[in-house]
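Letter by letter, the sequence shown follows residues 3 to 312 of our numbering.
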Amino acid sequence: MHISDIIKSDSPTFSFEFFPPKTPAAAESLYQTIRELESYGPHFVSVTYGAGGSTRDLTHDLVERIQNTTKLDPIPHLTCVCHSEAEIESILHRYAKSCIGNILALGGDPPRECAYDKSGDAFQHATDLVKFIRRFNESGAHPDPRGFGIGVAGFPEGHPATPNRLVEMDHLKAKVDAGANYIVTQLFFDNRDFYDFRERCDLAGIRIPIIAGIMPITSMSGCQRIAELAGGARFPAKLLRALQRCKEDPQGVTRVGVHFALEQCHDLLDNHVAGIHFYTLNRSDATRTIFDSLGIPQRRPAEISTSTPH
Ligand SMILES: Cc1cc2nc3c(=O)[nH]c(=O)nc-3n(C[C@H](O)[C@H](O)[C@H](O)COP(=O)(O)OP(=O)(O)OC[C@H]3O[C@@H](n4cnc5c(N)ncnc54)[C@H](O)[C@@H]3O)c2cc1C
Numbered sequence: 003m004h005i006s007d008i009i010k011s012d013s014p015t016f017s018f019e020f021f022p023p024k025t026p027a028a029a030e031s032l033y034q035t036i037r038e039l040e041s042y043g044p045h046f047v048s049v050t051y052g053a054g055g056s057t058r059d060l061t062h063d064l065v066e067r068i069q070n071t072t073k074l075d076p077i078p079h080l081t082c083v084c085h086s087e088a089e090i091e092s093i094l095h096r097y098a099k100s101c102i103g104n105i106l107a108l109g110g111d112p113p114r115e116c117a118y119d120k121s122g123d124a125f126q127h128a129t130d131l132v133k134f135i136r137r138f139n140e141s142g143a144h145p146d147p148r149g150f151g152i153g154v155a156g157f158p159e160g161h162p163a164t165p166n167r168l169v170e171m172d173h174l175k176a177k178v179d180a181g182a183n184y185i186v187t188q189l190f191f192d193n194r195d196f197y198d199f200r201e202r203c204d205l206a207g208i209r210i211p212i213i214a215g216i217m218p219i220t221s222m223s224g225c226q227r228i229a230e231l232a233g234g235a236r237f238p239a240k241l242l243r244a245l246q247r248c249k250e251d252p253q254g255v256t257r258v259g260v261h262f263a264l265e266q267c268h269d270l271l272d273n274h275v276a277g278i279h280f281y282t283l284n285r286s287d288a289t290r291t292i293f294d295s296l297g298i299p300q301r302r303p304a305e306i307s308t309s310t311p312h
């Protein structure tokens with residue numbers, strides 16, 4: 003089912019993001035986390051995509067494992083980085099064959115471990131990838147006659163590569179005009195940034211659902227990592243003050259981070275968010291605590307699997 007259809011019938015959605023683990027032991031541990039979160043009946047789970055090498059196959063494998071052994075709806079991320087047209091086409095065929103319903107089409111982060119020349123990529127921006135997926139959809143190669151639902155990224159605080167926020171909005175609009183039917187945002191800690199982004203999208207004529215990305219801080223080192231990975235992420239003074247008060251107490255830091263994210267979620271729900279996407283960092287504890295405190299009824303119990311593949 004396309005995410006836009008799910009949102010139409012059952013908004014707000016709740017979803018979780020995972021990244022493919024590098025070792026067999028980590029893969030098993032992640033799989034356990036996924037099974038724990040399955041009982042919450044998320045509307046979908048998404049799996050990130052690396053910048054190259056073997057981790058890319060791990061994404062494909064994890065997506066197919068989730069699809070084949072759980073009742074969860076997995077959404078693979080797919081990026082333009084270091085890919086030819088033929089490679090992307092072959093990945094799309096693989097996912098279509100596995101009846102994957104949606105794809106998150108992204109520009110992608112550049113590889114860190116080697117020199118990278120973006121001009122060698124077949125697709126320069128996520129818009130080009132969205133157009134290509136739409137052409138694939140029109141070819142009838144997907145079992146759903148409409149093909150894949152297509153999600154794209156949005157940046158409530160702005161994307162660091164485009165300081166001109168008006169031009170940035172034009173680029174987002176181009177992705178939507180090319181065929182995207184929902185947006186998932188970068189993490190943010192100040193909901194006012196999200197509400198303002200939502201309004202600016204509306205003013206630009208972007209009228210597709212916008213799912214809010216939330217990442218609970220669970221450690222001081224995690225906080226540093228977020229600052230590096232989500233370049234430009236703003237940390238409100240209120241959050242930093244609370245973290246500083248308990249920085250010597252790791253459990254206190256987790257409680258503060260989870261409480262802050264929980265308050266964000268309550269406020270988003272009060273303000274009619276289309277969906278909340280949790281960046282889980284492959285751990286279930288923080289997300290489960292937030293979920294348990296949001297008062298969300300467990301969904302679709304009859305559809306949740308025990309251990310049998312579907
Ligand atoms: C929800 C979410 C999930 C993510 N998952 C992954 C993942 O799995 N793997 C990964 O590698 N990265 C991931 N990222 C990071 C993302 O790929 C990077 O932040 C990337 O730099 C931006 O991606 P994009 O899809 O917005 O790219 P684009 O839409 O291509 O935009 C990238 C930059 O180029 C600009 N731009 C767009 N079109 C044009 C144009 N025609 N001319 C000039 N400039 C243009 C944009 O304004 C923006 O500044 C994710 C980000 C988010 C928000």
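Yeah, the Cβ is synthetic: ideal placement off N, Cα and C, and Gly gets one too.
All figures in this text were calculated on a predicted structure; none of them were measured in a lab.
Residue range of the unbroken beta strand (DSSP E) whose run includes residue i
i	result
PHE280	277–281
ASN104	104–108
ILE152	151–156
HIS85	First-last for HIS85: undefined, no H or E at that position.
Inter-residue spacing [alpha-carbon to alpha-carbon] between residue i and residue j
i	j	result
GLU259	THR220	Correcting the residue identity first, residue 259 is Gly in this sequence and not Glu. When rounded, the distance between both Cα atoms is 6 Å.
ARG202	HIS161	15 Å
VAL255	MET222	7 Å
CYS84	GLY156	22 Å
GLN246	ARG136	48 Å
SER11	LYS249	43 Å
ILE185	CYS267	17 Å
ASP33	LEU108	Checking the sequence shown, residue 33 turns out to be Tyr, not Asp. Computed Cα separation, rounded: 25 Å.
PHE394	GLY122	With the chain running from 3 to 312 in the structure shown, residue 394 is simply not present.
ASN284	VAL49	10 Å
ASP119	PRO23	26 Å
VAL47	SER17	5 Å
PRO238	GLN226	14 Å
Heavy atom of ligand 1 within 7 Å of residue i beta-carbon
i	result
LEU106	yes
VAL83	yes
HIS4	no
GLY142	no
GLU384	Beyond the ends of the chain as shown, which are 3 and 312, falls residue 384; an answer cannot be given.
ALA155	yes
ALA276	no
GLY215	yes
TYR184	no
Heavy atom of ligand 2 within 7 Å of residue i beta-carbon
i	result
GLY110	Only ligand 1 can be found as ligands here, which leaves ligand 2 out of the picture.
Among the options, the one whose alpha carbon lies nearest that of residue i
i	options	result
GLY322	ILE210, ALA232, VAL255 and ASP251	Here the chain comprises residues numbered 3 to 312, so residue 322 is not present and cannot be evaluated.
ALA195	THR72, ALA107 and PRO158	Per the sequence presented here, residue 195 reads as Asp, with Ala not at that position. Checking every option, the nearest Cα to that of ASP195 belongs to PRO158.
SER41	GLU87, GLU170 and LYS73	LYS73
PRO78	ASP294, ARG37 and SER100	SER100
ALA206	THR35, ALA229, LEU168 and ARG236	LEU168
ILE216	GLN188, TYR51, SER13 and ASP146	GLN188
SER86	ASP130, ALA117 and GLY43	ASP130
ASP75	CYS82, GLY52, GLY54 and ARG37	ARG37
ILE93	CYS116, PHE134, THR35 and GLN126	PHE134
ILE5	ILE213, TYR281 and ASP251	ILE213
Start and end residues, alpha helix (DSSP H) containing residue i
i	result
GLN188	From DSSP, GLN188 is part of no alpha helix (DSSP H) but of the beta strand (DSSP E) over 184–189.
ILE5	5–12
SER295	287–296
### Task
Identify every run of the beta strand (DSSP E) within the segment 19–50, keeping only runs that are complete inside it and at least 3 residues long; order them along the chain.
46–49
#### Entry: Continuous alpha helix (DSSP H) assignments of at least 4 residues falling wholly in the segment 191–239
193–205 and 222–231
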